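Participant: If you want this note's numbering, it's the 1-based position in the sequence shown plus 52.
Think of the CB as a built atom: it goes at the ideal place given N, C-alpha and C, for glycine as much as any other residue.
Only a predicted model underlies this, so the values are computations on that prediction, with no experimental measurement involved.
My questions all concern the structure below.
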Amino acid sequence: MVSEGERMKDLEDELMVEPMPRLESLEEVLEHLWAYAERGAHRRDNAMATPIFVTTRQDGAPGARTVILRDVEPGQALLCHTDRRSGKVQDLRAEPRTVWVCYDRELHQQFQFIGRTTIHTDDALADRMWAEESLDELVFYFKKPPPSEHAEAPSSAQDFEEVSEAEARANFAVVRTEIDAILWQHVHPEGEYRAGFKRQGDAFVGEWLVP
Numbered sequence: 053m054v055s056e057g058e059r060m061k062d063l064e065d066e067l068m069v070e071p072m073p074r075l076e077s078l079e080e081v082l083e084h085l086w087a088y089a090e091r092g093a094h095r096r097d098n099a100m101a102t103p104i105f106v107t108t109r110q111d112g113a114p115g116a117r118t119v120i121l122r123d124v125e126p127g128q129a130l131l132c133h134t135d136r137r138s139g140k141v142q143d144l145r146a147e148p149r150t151v152w153v154c155y156d157r158e159l160h161q162q163f164q165f166i167g168r169t170t171i172h173t174d175d176a177l178a179d180r181m182w183a184e185e186s187l188d189e190l191v192f193y194f195k196k197p198p199p200s201e202h203a204e205a206p207s208s209a210q211d212f213e214e215v216s217e218a219e220a221r222a223n224f225a226v227v228r229t230e231i232d233a234i235l236w237q238h239v240h241p242e243g244e245y246r247a248g249f250k251r252q253g254d255a256f257v258g259e260w261l262v263p
C-alpha cells in the first residue's frame, strides 16, 4: 500500500520543472541575467518581478523589503518606484549602495544585482514612468499621511477625494540602481556553479567562482 507521503512525492516529481540547462560560458550567463531581469519587469510569474531590495538604514542596520521591478535598462540599471516620503528614500540619499536579490525556486538560481541608487522625482525619468503606469499601479500615492506614520486602525490611507492627482504625483519617486556588479548561482543536478561580474567601463567582465 502506497503511503500518503509517497503519493505526494510521486506527484511532486511529476510536476517538477525540467532543470534549466547548464550555461557553459560567461557570455551566456551575462546574457541570461539581463534577459531574465527584463522578463521580470513584464511578467509577474518571474521571480525577478518581486525581488528583495536591500539598503542600509541611517542607524547602520540593514533594510530589506520586497519591491516590484518596474523597468530594466539592459546592461545598465534596474528601476522601481516608491513614495518619496518613505524612510528608504532618506536611507538611499545617505547611503546609495544597494542590492537587488531574488531566488527562482523552480529553476534553482539566485541573482544579486549590486549598484548605486539615485532617486528621481521631478525629472524626465519620473515623468515618463508616472505617465506609463496605470491608475491601478499609482493608487499607493493618493494618500495624505506618509508611509510608516501611526494609524488608528488598519487602512491603506488612500483617499481619492482629498488627494489630487498633482499631489499624488508629488509623492511619487523613481528608484534607479546603476548596476556595477552581479552575482549568480545555479543549483544544477550535475553540480552547482557560480559566476560573478563587475563593470569595467561600459562592459561587464565575468569570472567563475566557487559556490
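When you compare the CB positions of E230 and A99, do they come within less than 8 Å of one another, or not?
Facilitator: No; because the gap between Cβ atoms is not below 8 Å, this pair is not in contact.
Participant: So what does DSSP say about R109, is it helix, strand or coil?
Facilitator: DSSP places R109 in coil when its eight states are reduced to three.
Participant: Out of W260, A93 and T108, which one is the CA nearest neighbour of M181?
Facilitator: Nearest C-alpha to M181: A93.
Participant: Which residues in the same chain have their Cβ closer than 6 Å to the Cβ of R246, if we skip the five residues on either side of it in sequence?
Facilitator: If we look at R246 and ignore the five residues flanking it on each side, its Cβ neighbours are Q237, L261 and P263.
Participant: Tell me whether R122 sits in a helix, a strand or coil according to DSSP, three-state version.
Facilitator: Reduced to three states, the DSSP call for R122 is coil.
Participant: What would DSSP say about R221, mapped onto helix, strand or coil?
Facilitator: In this structure, R221 counts as helix in the three-state DSSP scheme.
Participant: Using only the alpha-carbon positions, how far apart do Q110 and P73 sit?
Facilitator: Those two C-alpha atoms are separated by around 42 Å.
Participant: Write down the C-beta distance between C132 and V119 rounded to the nearest angstrom, noting that I regard them as a contact closer than 8 Å.
Facilitator: Yes, they are in contact, since the Cβ atoms of C132 and V119 sit about 5 Å apart, within 8 Å.
Participant: Which complete beta strand (DSSP E) runs does the stretch 147-173 hold, if anything under 3 residues is left out?
Facilitator: The stretch 147-173 contains these whole beta strand (DSSP E) runs: 149-156 and 161-172.
Participant: State the CB to CB distance for the pair G167 and T150, rounded to an integer number of angstroms; the pair is presumed to be in contact (CB under 8 Å).
Facilitator: At roughly 7 Å, the Cβ-Cβ gap stays under 8 Å, so G167 and T150 are in contact.
Participant: Among the residues of its own chain, which have a CB less than 6 Å from the CB of V239, if the five just before and after it don't count?
Facilitator: Closer than 6 Å at the Cβ level, and outside the excluded window around V239, lie H160.
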